[in-house]
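Here the working numbering is used: the first residue of the sequence shown is 72, the next is one more, and so on.
Taking it in order: structure first as C-alpha cells, then the write-up.
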Amino acid sequence: MFIDDIKKAIKKVAKERKISEVSQETCLAQAILETGNGKSKIMTKAKAPFGIKATKDWIKKAKYGTKTYSALTKECYNGATLTTIQGQFRAYDSYEDAVRDYFDLISTKRYEASLKAKTVKECITIIKTSGYATSPNYVESVMKVYNTYIKTEEVQSNEPDIHQMAIDCIKGKYGNGPARKAALGEYYAAVQHEVNKMLLRR
Numbered sequence: 072m073f074i075d076d077i078k079k080a081i082k083k084v085a086k087e088r089k090i091s092e093v094s095q096e097t098c099l100a101q102a103i104l105e106t107g108n109g110k111s112k113i114m115t116k117a118k119a120p121f122g123i124k125a126t127k128d129w130i131k132k133a134k135y136g137t138k139t140y141s142a143l144t145k146e147c148y149n150g151a152t153l154t155t156i157q158g159q160f161r162a163y164d165s166y167e168d169a170v171r172d173y174f175d176l177i178s179t180k181r182y183e184a185s186l187k188a189k190t191v192k193e194c195i196t197i198i199k200t201s202g203y204a205t206s207p208n209y210v211e212s213v214m215k216v217y218n219t220y221i222k223t224e225e226v227q228s229n230e231p232d233i234h235q236m237a238i239d240c241i242k243g244k245y246g247n248g249p250a251r252k253a254a255l256g257e258y259y260a261a262v263q264h265e266v267n268k269m270l271l272r273r
C-alpha cells in the first residue's frame, strides 16, 4: 500500500516537472528505505517519506506549510562515529507535497547533476556524495532496496505472456518452422511447449 501511494505521488510530480525515470526510481527507493517500506508510523503520519531536516529557513518560507515532527535519528560523523540525535524534520499535508519538496531540493545546484544520471546507482551516488546522507553505506542500502522492490517488479512486469504468444502462434502471427524460431528467440521453447499443450487439448 505504501509503495503504491508514494509511487503514484512520484509519477504525478514527475509528469508536472518532466523528471526522468531514473530520478523517479531513485526517489522511490529512498522513500522505501527511509520509511522502512512504510513501517515508520511517525513518518507516514507526517507524510514525510524522505526524512529531510526542517531548517529555520524552510519553516520561514512555508512553501508546503510549516509542519514538522521530532524524532531520534542516527548520524555518522567522520565516516565512522555513529551518533543518535534528536532531529526536527519536515512534515506535509500529502505525499505529493513531500515529493515536490524532495525534487525542489534535488534541483538545487548542490544535487542537480543527479537529475541527468543514466542509472539509479549513478543518481544516488551523486546525491549521497553531495551531502544528502551521512551513512557510509547509503548508496548500497538504496541499491539493495531498488533491486528488491523496484527492479525486480519491473523485470516481472516486462516478462512476455507466454500463453498469449502461443495463441498468436496458432493464429499464424509468428509463422512456422525456422521463421517462428527466429521470431520468438529465447522464448521459442516455452511458447512452443504451450502451443503443443493447447493443440493436444483440442
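Backbone N, C-alpha and C fix where the C-beta goes; we use that ideal spot for every residue, glycine too.
Predicted model, so just to flag it, every value in this text is computed and none were measured.
Between which two residues does the alpha helix (DSSP H) holding residue i run?
i      : result
ASN267 : 259-271
ASP239 : 233-241
LYS252 : 248-255
TYR166 : 166-177
Per DSSP, which residues does residue i bridge with? Please list them.
i      : result
GLY158 : ALA142
GLY136 : LYS134
LYS124 : PHE160
How should residue i be labelled, buried or exposed, when 16 other C-beta atoms within 10 angstroms of its C-beta is the threshold for buried?
i      : result
SER165 : exposed
THR219 : exposed
PRO16  : Examination of residue 16 is not possible in this model, given that the chain is present from 72 through 273 alone.
ALA13  : The structure shown does not extend to residue 13, since the chain spans only 72 to 273, so no value can be given for it.
MET72  : exposed
GLN157 : exposed
ARG248 : Residue identity differs from the one stated: residue 248 is Gly in this sequence, not Arg. It counts as exposed.
GLN95  : buried
ALA102 : buried
THR137 : exposed
LEU186 : buried
ASP232 : exposed
Grouping DSSP H, G and I as helix and E and B as strand, with all else coil, what is residue i?
i      : result
LYS118 : coil
MET72  : coil
LYS199 : helix
ARG88  : helix
TYR217 : helix
TYR209 : helix
ALA100 : helix
VAL226 : Caution is warranted here: a pLDDT of 45 is assigned to VAL226, below 50, making its placement in the model unreliable, and the coordinate value is therefore given only provisionally. It is helical.
**Asked** Any chance the segment 264-273 sits against the segment 239-256, with 3 or more Cβ pairs inside 8 angstroms?
**Response** yes
**the segment 174-182 contacting the segment 200-211, beta-carbon criterion three pairs below 8 angstroms** = yes
**Request:** Count the CB pairs spanning the segment 106-125 and the segment 180-196 that are closer than 8 angstroms, and state whether there are at least three.
**Result:** no
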